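In the numbering used here, the protein residues as written are 88 to 178.
Just so you know, even glycine gets a beta-carbon here, dropped at the ideal spot from N, CA and C.
Note that the structure is a prediction, hence the values are computed from the model and not measured.
So the structure is just underneath, and the comments pick up after that.
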């Protein structure tokens, strides 16, 4: 269970970083937004999302079903939250 707990902090951090990227994009001056800028943001988002998914798969495999009810990661459905934020950022 200790390994599982160690994996939860990075998940929260990645979700925070993705949300922050969304906020920063919304604040960016339109003159700064060009193809290179968008490609870089997209690549960064994909890397963060892939890392989040990989850790999520590990958590699902390694966390017994009966233990999930005590973890806010599963109760708050952070995977779905992160997926929705990523989708919103891509729009």
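(request) Could you check what DSSP says for residue 176 in three-state terms: helix, strand or coil? (result) Indexing the chain shown from 1 puts residue 176 at position 89. The answer is helix: DSSP assigns residue 176 an H, G or I state.
(request) Decide if residue 120 is buried, meaning its Cβ has at least 16 other Cβ atoms within 10 Å, or exposed. (result) Here residue 120 refers to the residue found at position 33 of the chain shown. It counts as exposed.
(request) For the stretch 91–102 and the stretch 148–166, state whether three or more C-beta atom pairs, one from each stretch, are separated by less than 8 Å. (result) The stretch 91–102, when compared against the stretch 148–166, does touch it at the 8 Å Cβ threshold.
(message) Measuring straight from C-alpha to C-alpha, what distance separates residue 178 and residue 156?
(response) Residue numbering aside, residue 178 sits at position 91 when the chain shown is read from its first letter. Residue numbering aside, residue 156 sits at position 69 when the chain shown is read from its first letter. Rounded to the nearest angstrom, the two C-alpha atoms are 33 Å apart.
(message) Taking only three categories from DSSP, how would you classify residue 95?
(response) Reading the chain shown from its first residue, position 8 is the one you call residue 95. The answer is helix: DSSP assigns residue 95 an H, G or I state.
(message) In whole angstroms, give me the CA-to-CA distance for residue 172 and residue 105.
(response) In the chain shown, the residue the question calls residue 172 occupies position 85. In the chain shown, the residue the question calls residue 105 occupies position 18. Roughly 7 Å between the two C-alpha positions.
(message) Looking at the secondary structure, which residues open and close the alpha helix (DSSP H) in which residue 146 lies?
(response) Along the chain shown, read from residue 1 onward, the residue named residue 146 stands at position 59. Counting along the chain, the alpha helix (DSSP H) containing residue 146 begins and ends at 122–149.
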